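A quick write-up on the structure given underneath.
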Amino acid sequence: MSGGFTRDELAIDPLDLAVMLLGSELESVAGEGPVRARIVEVEAYRGLDDPASHSYRGRTPRNDVMWGPAGHLYVYFVYGMHFCANVVGTRDGEPGAVLLRAAEVVEGAPLAKARRPKARGDGSLAGGPAILTTVLGLGREHNGLDLTDPASPVRLLAGERVDADRVRTGPRVGVAAAMEVPWRFWVDGSPAVSAYRRGGKRSPR
DNA sequence: TTTCGGATCCCCT
DNA sequence: GGGGATCCGAAAA
1 MSGGFTRDEL AIDPLDLAVM LLGSELESVA GEGPVRARIV EVEAYRGLDD PASHSYRGRT
61 PRNDVMWGPA GHLYVYFVYG MHFCANVVGT RDGEPGAVLL RAAEVVEGAP LAKARRPKAR
121 GDGSLAGGPA ILTTVLGLGR EHNGLDLTDP ASPVRLLAGE RVDADRVRTG PRVGVAAAME
181 VPWRFWVDGS PAVSAYRRGG KRSPR
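When the letters of the first sequence are read in order and numbered with the UniProt record's numbering, they come out as residues 1 to 205.
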């Protein structure tokens, strides 16, 4: 079980896809690549009834990719300065995607570090969704890429399986809506996993 | 056309 | 532990 995924393997409920993606690797040859990173933290966004999902308000040119096909890359711009990357997963034609939150760089660390001149550390960690896209050199131009296509500059590779007892779940980070839904998944013990911050403005109370 | 809020990161205290 | 940077997408009017 190595190499790339097939589209059928990824055309599943984003909740299942989220778990499957833990331990898999994203490789990018964008720019001067390659940089390859092992995914250790993800969040699922799914359907028309999830207020935190971009798909909640219906299909728009921006979120069009979320409607499938599965296995494509959904990149969006946030906060006027950051990009975040998702893997599209669909169930019964519902829109859905898995946000890639954190990863460990396993190849191309020097380039990864060079892409983050202000950061401390050795460039082997990508702890945060916007850091992950920076390290891999991902941007708007990569939106909609087929991650299962061997010719694609960004590909998803099956990595080492993560033991089920090392998978943790909890509420999504920075999301005010649907906090009761534990749709965040991460690999216990990875130094790249971000510290939890609750959603919404400041701490209500 | 205008308004407003957001799946964030980094530096400073 | 808190606030500023900085700009796009969607909704309202």
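Glycine is no exception: its CB is placed at the ideal position from the N, C-alpha and C atoms.
A quick note: this is a predicted structure, and the numbers were derived from the prediction, not measured.
Contact check, residue i vs residue j, beta carbons under 8 Å
i, j, result
"V154", "L145", "yes"
"V105", "A112", "yes"
"V35", "E107", "yes"
"G174", "R184", "no"
"G159", "S28", "no"
"R161", "G189", "no"
"V98", "V193", "no"
"R116", "I131", "yes"
Nearest to residue i (by Cα), restricted to the options the options
i, options, result
"P191", "F185, L147, A103 and D149", "A103"
"A178", "G23, V19 and E43", "E43"
"W186", "L48, G68, W67 and S24", "S24"
"R172", "V181, I131, D165 and R62", "V181"
"I12", "V162, G93 and R101", "G93"
"A18", "V78, G96, N143 and P51", "G96"
"C84", "A126, E32 and G31", "A126"
"A151", "D16, L15, A30 and P14", "A30"
"V78", "R120, T148, P14 and P129", "P129"
"G80", "G139, A119 and E32", "G139"
"R62", "A176, D149 and N143", "N143"
Three-way DSSP call (helix, strand, coil) for residue i in this model
i, result
"E141", "helix"
"A85", "strand"
"E9", "helix"
"S55", "helix"
"R166", "helix"
"A44", "strand"
"W183", "coil"
"A30", "coil"
"G3", "coil"
"G200", "In this prediction, G200 scores a pLDDT of 45, lower than 50, which makes its location untrustworthy; no coordinate-derived value is stated."
"D122", "coil"
"D64", "helix"
Cβ-based burial, residue i [other Cβ within 10 Å; buried from 16]
i, result
"L21", "buried"
"L156", "buried"
"G58", "exposed"
"A109", "buried"
"A37", "buried"
"M66", "buried"
"L48", "exposed"
"R101", "buried"
"G68", "buried"
"D50", "buried"
"G123", "buried"
"T133", "buried"
"P14", "buried"
Distance cut-off 7 Å: residue i Cβ against heavy atoms of the ligand MN
i, result
"L99", "In the structure shown, the ligand MN is absent, as is every other ligand, since no ligand is present at all."
Worksheet item: Quick one: any contact between the segment 5 to 13 and the segment 65 to 79, if contact means 3 or more CB pairs under 8 Å?
Response: yes
Item to complete: State whether the segment 33 to 52 contacts the segment 82 to 102, with contact taken as three or more CB pairs (one from each stretch) at a distance under 8 Å.
Response: In the pairwise beta carbon analysis, the segment 33 to 52 is classified as touching the segment 82 to 102: at least three pairs are separated by under 8 Å.
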